[in-house]
Amino acid sequence: MSGKPRACRNCKRIVVGKSCDVCGSTNLSSSFSGLLLILDVEKSRIAKELGIRKSGRYAVKVD
Ligand SMILES: [Zn+2]
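In our numbering, each residue carries its 1-based index in the sequence shown increased by 175.
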C-alpha cells in the first residue's frame, strides 16, 4: 500500500503519498531522475545549496 514514489515539483522531495511532507505541495511528478540522499542537513553542502531543510530522499531533476 505504499504506492509509487513521486517527486515534489516545489522542493524535489521524494514523496510516497498524496502530498509533500516537507512543503505540503500536492504538485507531484512521477517523472523524475536522479536520487539524492540527504542524511544530515546541517553538514550537507548540497542541502544548503538546494535549500533543503529536512533529511531524506530528493530527486535531482523533476520533469
Ligand atoms: Zn515539497
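Glycine included, each C-beta is placed from N, C-alpha and C at the ideal position.
Exercise for review: Please state whether DSSP places residue 189 in a helix, a strand or coil.
Suggested key: strand
Review point. Should residue 204 be listed as close to ligand 1, given that the test is whether its C-beta is under 7 Å from any heavy atom?
Key: no
Check your understanding: What are the residues that DSSP puts in a beta bridge with residue 228?
Key -> DSSP lists no partner for residue 228.
Check your understanding: Which of helix, strand or coil does DSSP assign to residue 179?
Key -> coil
Check your understanding: On the three-state DSSP scale, how would you describe residue 236?
Key -> strand
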